[in-house]
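Colleague: Please find one structure pasted underneath; my questions will follow.
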Amino acid sequence: MTEHISVLLIIIPLLAAPLMVIINSPKFSWLVSLGVTLVCTYLAYILMTDIQRGSEVHYAMGGWAPPWGIAYLIDPLNGLVTFIVSLIALSTIIFARKSVEREIDSHVIPLFYAAFLLCFLGLVGICLTGDIFNMFVFLEISSLSSYALIGMGKNRRALTASFHYLILGTLGATFFLLGIGMLLAATGTLNMQDLSMLLPAVENRPLLHTAFALIVVGLALKAAVFPLHLWLPNAYTYAPSTVSIFLSATSTKVALYALIRCLYDVFSFNYMLDSWLPQALLLVGTVAVIYGSWLAIGQSEVKKMLAYSSVAQIGYIVIGIGLLSDAGLRASLVHIFNHALMKGMLFMVAGILVYRLNSTRYQSISGMGKRMPITFGALIIGALSLIGVPGTVGFISKWNLAQAALAQQQWIVVVALLVGSLMAVIYCWKLIEILYFQPATKSRISKVEQGGDSVARMPVGMIVALWSMALLCIYFGFNTELTLQGAQLAVDALFATREVLP
Amino acid sequence: MMTFVAGHISYWLIICLMMVGLYTLMSCSNLLKKIAGLSVFQTGAILFYVSLGKVEGGTIPIVAEGYSIYSNPLPQVLMLTAIVVGVATTALGFALIVRIREAYSSIEEDEITTMDHKDD
């Protein structure tokens, strides 16, 4: 049964998406999305626990055995990432209903949910597939649907943001495609396991180096690694709230997963050791942390601040990858999970602001802290987590990352971690000060239908989604076994394949 | 040296094609031209794959008497998928341009940027 789960995770959303377009009813499509993401989360959970108990899942598409056919190979690493993606998709959909009704025209709502499910399916596909060309196809499925989703934003800048993302994303994907082509030319196979066996024996080193460079740059563009992050801030800021939540929490993470998979699995560990890449990743990650936090401080709009903070947080993950150690990679994976939780939650707060106050600008939300205690209570938990205060998930990943950096005596990285955290204190405090310690200026509220005094009532779905994420943020801050163990298993699986190689 | 250049002539042409696409993409401020450049760039990648599969003196990959050498069909099959992706990207890009023109009544990037700055 478990082996079929891996393919069901793709097939269920794939079938549901056109169904919603045909039935064309807003309410029905929300219910279907809820059902699909619920089932997928459950399946992903079974898959993940099953893998962690030691079973291996291979699924040969259409019965064609690898390396000829497309194989789905699940190990603890992609089991974990698939679960993260499904969990975030589920909570986003729970959150989405009222927010989407407010922000999207009612006749395109079914299309919105269809594109959402396609994006979800693409991201899950990237995680599950064991075939590198198939990975490219899923990457494009998720990217194309996210361009469409971002373009649905109310502000006209959503269109230009989506267009820029389309141009840069397609460039990245084409680089990745060229890299795959060179790997195919060098080895004649596309199966990732097969590639990792054959690559060390390849004679034509320049070809291999070119392929490596193209794949790294292509995926780094998709993952918004500094300095290739230019598409990210506008895309997250002007996208509909639901889309910001989902994309910020998953799409860059999945691209980073693809990067980890290509670096550690396809190209072997030893190949990386000889290249300039680890140093470059450390440098880029360090700069990203400082630069992203610096720009986040200067923003006066919640969503844009969160977007720049994402650039910084991606920097932490990249540092972990660049440390080239067991502990560093584990910290990266934990941070992928933790950052998905907290950034998803913070963008939910931004979504609630759009829903209730119709604005996310600092000047129009000043003094609202006391009037919206439920929302901003969660925001404070998220902010503490971004800073890395003990007792929240942010602390766990930063602590692990700092330990990994100390173990390798990368002092600059350690300093950057500390400075990044301090800067996070500044940008979070700036927001909290405006919310709690400034007089409530007459906020420019318009188009709020309900609620006598300017603040519309909060839908139940939003509260449930927001606070379940907030509680998870705290829960995983105390109970680290689940996340750290999952990450450790994933790292072990990655390094185990290395030992097979000569 | 000459044989190296002449023997890889298709790759040189593909590199030229991709550079033309990339340059158009970066230098033109007109959004339509940007998408055109992107398409040219993608076409370069597609041609790259197809020329990978070519075997000198080989026929198209068919099973028939008298033909023993044939091109590798795998890259061509892969490119069918990549062409579909490319078409979808171009279509989505055009759709966005139509919406951008409705919203800004311009498809020149510099004009759009000035309008955005005015909004701030």
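Residue numbers (numbering that gives the first Met the number 0), protein chains in the order written: chain S, 0 to 501; chain B, 0 to 119.
Just so it is clear, CB atoms sit at the ideal spot from N, CA and C, and this is done for glycine as well.
1. I'd like to check one pair, Trp-29 (chain S) with Ile-92 (chain S): are the Cβ atoms closer than 9 Å?
2. Considering only residues of the same chain and omitting the five flanking positions on each side of Lys-53 (chain B), which have a CB-CB separation below 7 Å?
3. Could you pull the start and end residues of the alpha helix (DSSP H) that Tyr-164 (chain S) belongs to?
4. What residues in its chain sit with their C-beta under 7 Å from that of Ala-401 (chain S), if we drop five residues either side in the sequence?
5. Measuring only between beta-carbons, confirm whether Ala-184 (chain S) sits less than 9 Å from chain B.
6. Which word fits Gln-449 (chain S), buried or exposed, when buried means at least 16 other C-beta atoms lie within 10 angstroms of its C-beta?
7. In this structure, how does DSSP classify Ile-380 (chain S) when only helix, strand and coil are distinguished?
8. Consider the Cβ of Glu-107 (chain B): report whether some Cβ of chain S lies at a distance smaller than 9 Å.
9. In the structure shown, what three-state DSSP assignment does Ala-256 (chain S) receive?
10. Give the interface partners of Tyr-22 (chain B) over in chain S, defined as CB-CB distance under 8 Å, in chain order.
11. I want to see whether chain S comes within less than 9 Å of Ile-82 (chain B), judged by CB atoms only; does it?
12. At the 9 Å Cβ level, is Lys-32 (chain B) part of the contact set with chain S, yes or no?
13. Within a Cβ cutoff of 7 Å, which residues of the same chain sit near Gln-407 (chain S), ignoring the five residues on either side of it in sequence?
14. Run through DSSP, which three-state label would Leu-21 (chain B) get?
15. How about the stretch 118-134 of chain S and the stretch 252-261 of chain S: do they share at least three Cβ pairs that are nearer than 8 Å?
16. Sorted by chain position, which residues of the same chain lie with C-beta nearer than 7 Å to Ala-306 (chain S)'s C-beta, five sequence neighbours on each side aside?
17. Mind checking whether the beta-carbon of Val-242 (chain S) lies closer than 8 Å to any heavy atom of the ligand SAH?
18. Among the residues of its own chain, which have a CB less than 8 Å from the CB of Gly-43 (chain B), if the five just before and after it don't count?
19. Helix, strand or coil: which one does DSSP assign to Leu-227 (chain S)?
20. So the candidates are S:Phe-268, S:Ile-411, S:Ala-184 and S:Pro-75; which of them puts its Cα closest to the Cα of Thr-48 (chain S)?
21. Whose Cβ in chain B lies nearer than 8 Å to the Cβ of Val-136 (chain S)?
22. If you compare alpha carbons, which of S:Val-418, S:Tyr-426, S:Trp-410 and S:Ile-395 is closest to Ile-379 (chain S)?
23. Between B:Ala-102, B:Val-76 and B:Phe-47, which lies nearest to Pro-60 (chain B) when the distance is taken from Cα to Cα?
24. Hey, out of S:Ile-289, S:Gln-192, S:Arg-204 and S:Ala-210, whose CA is closest to Asp-264 (chain S)'s CA?
25. Give me the Cα-Cα distance between Gly-314 (chain S) and Met-304 (chain S), rounded to the nearest whole angstrom.
26. Short of 7 Å Cβ to Cβ, which residues in the stretch 40-59 of chain B face chain C?
27. Whole angstroms are fine: how far does the CA of Ser-85 (chain S) sit from the CA of Ser-32 (chain S)?
28. Since I believe Lys-302 (chain S) is in contact with Ser-243 (chain S) (beta carbons under 8 Å), could you give me their beta-carbon distance rounded to a whole number of angstroms?
29. Can you tell me whether DSSP reads Phe-3 (chain B) as helix, strand or coil?
30. Please compile the residues from chain S whose C-beta is within a distance smaller than 9 Å of the C-beta of Gly-92 (chain B).
31. Establish whether the CB of Ile-68 (chain B) and some CB of chain S are separated by less than 9 Å.
32. If distances are taken between C-alpha atoms only, which option among S:Gly-319, S:Gly-387 and S:Trp-466 comes closest to Phe-346 (chain S)?
33. Spatial neighbours of Leu-152 (chain S) within its chain, please: CB distance less than 7 Å, with the 5 preceding and 5 following residues excluded, ordered by chain position.
34. So, helix, strand or coil for Glu-480 (chain S), using DSSP?
35. Quick one: using the 10 Å Cβ neighbour count with 16 as the cut-off for buried, is Asn-133 (chain S) buried or exposed?
36. What three-state label does DSSP hand Asn-29 (chain B) in the structure shown?
Modeller: In short, the structure shows the following:
1. Yes.
2. Excluding sequence neighbours, Lys-53 (chain B) sits near Ser-70.
3. Note, Tyr-164 (chain S): alpha helix (DSSP H), 156-186.
4. Once the five neighbours on either side are set aside, the close Cβ partners of Ala-401 (chain S) are Val-413 and Leu-416.
5. Flagged as an interface residue toward chain B: Ala-184 (chain S), by a C-beta distance shorter than 9 Å.
6. Low local confidence applies: a pLDDT of 44 at Gln-449 (chain S) is under 50, so the model's placement there is unreliable, and no value is given.
7. Ile-380 (chain S): helix per DSSP, three-state reduction.
8. With 9 Å as the cut-off, Glu-107 (chain B) does not count as an interface residue toward chain S.
9. The sequence shown places Tyr at residue 256 (chain S), not Ala. In the three-state reduction of the DSSP assignment, Tyr-256 (chain S) falls in the helix class.
10. By Cβ distance, chain S contributes nothing, its closest Cβ being about 13 Å from Tyr-22 (chain B), past 8 Å.
11. No Cβ of chain S is located within less than 9 Å of the beta carbon of Ile-82 (chain B).
12. The C-beta of Lys-32 (chain B) comes no closer than 9 Å to any C-beta of chain S.
13. Around Gln-407 (chain S): Leu-322 and Ser-324.
14. If DSSP states are grouped into helix, strand and coil, Leu-21 (chain B) belongs with the helices.
15. These segments touch.
16. The residues Leu-231, Pro-232, Tyr-235 and Thr-236, in chain order, have a CB closer than 7 Å to that of Ala-306 (chain S) in the same chain once the five nearest residues on each side in sequence are set aside.
17. In the structure shown, the ligand SAH is absent, as is every other ligand, since no ligand is present at all.
18. Around Gly-43 (chain B): Ile-13, Ile-14, Leu-16, Met-17 and Gly-20.
19. In this structure, Leu-227 (chain S) counts as coil in the three-state DSSP scheme.
20. Per the C-alpha coordinates, the member of S:Phe-268, S:Ile-411, S:Ala-184 and S:Pro-75 positioned closest to Thr-48 (chain S) is S:Pro-75.
21. Within chain B, the residues whose beta carbon sits less than 8 Å from that of Val-136 (chain S) are Thr-80 and Val-84, listed in sequence order.
22. The residue from S:Val-418, S:Tyr-426, S:Trp-410 and S:Ile-395 with its alpha-carbon nearest to that of Ile-379 (chain S) is S:Tyr-426.
23. Comparing alpha carbon positions, the residue from B:Ala-102, B:Val-76 and B:Phe-47 closest to Pro-60 (chain B) is B:Val-76.
24. Nearest in C-alpha terms to Asp-264 (chain S), of all of S:Ile-289, S:Gln-192, S:Arg-204 and S:Ala-210, is S:Gln-192.
25. When rounded, the distance between both Cα atoms is 16 Å.
26. Annotation note: the requested chain C is absent from the structure, which comprises protein chains S and B.
27. Roughly 12 Å between the two C-alpha positions.
28. About 6 Å separates the CB atoms of Ser-243 (chain S) and Lys-302 (chain S); that is less than 8 Å, so the two are in contact.
29. In the structure shown, the three-state DSSP call for Phe-3 (chain B) is helix.
30. Neighbours of Gly-92 (chain B) on chain S, chain order: Tyr-146, Phe-162, Leu-165, Ile-166 and Thr-169.
31. Cβ-Cβ to chain S under 9 Å: no for Ile-68 (chain B).
32. With distances taken between Cα atoms, Phe-346 (chain S) lies closest to S:Trp-466.
33. In the sequence as presented, Leu is not what sits at residue 152 (chain S); that position holds Gly. Closer than 7 Å at the Cβ level, and outside the excluded window around Gly-152 (chain S), lie Tyr-237, Ala-238 and Pro-239.
34. Secondary structure at Glu-480 (chain S): helix, using DSSP grouped into helix, strand and coil.
35. Here Asn-133 (chain S) is buried, its C-beta having at least 16 other C-beta atoms within 10 Å.
36. Strand, per DSSP.
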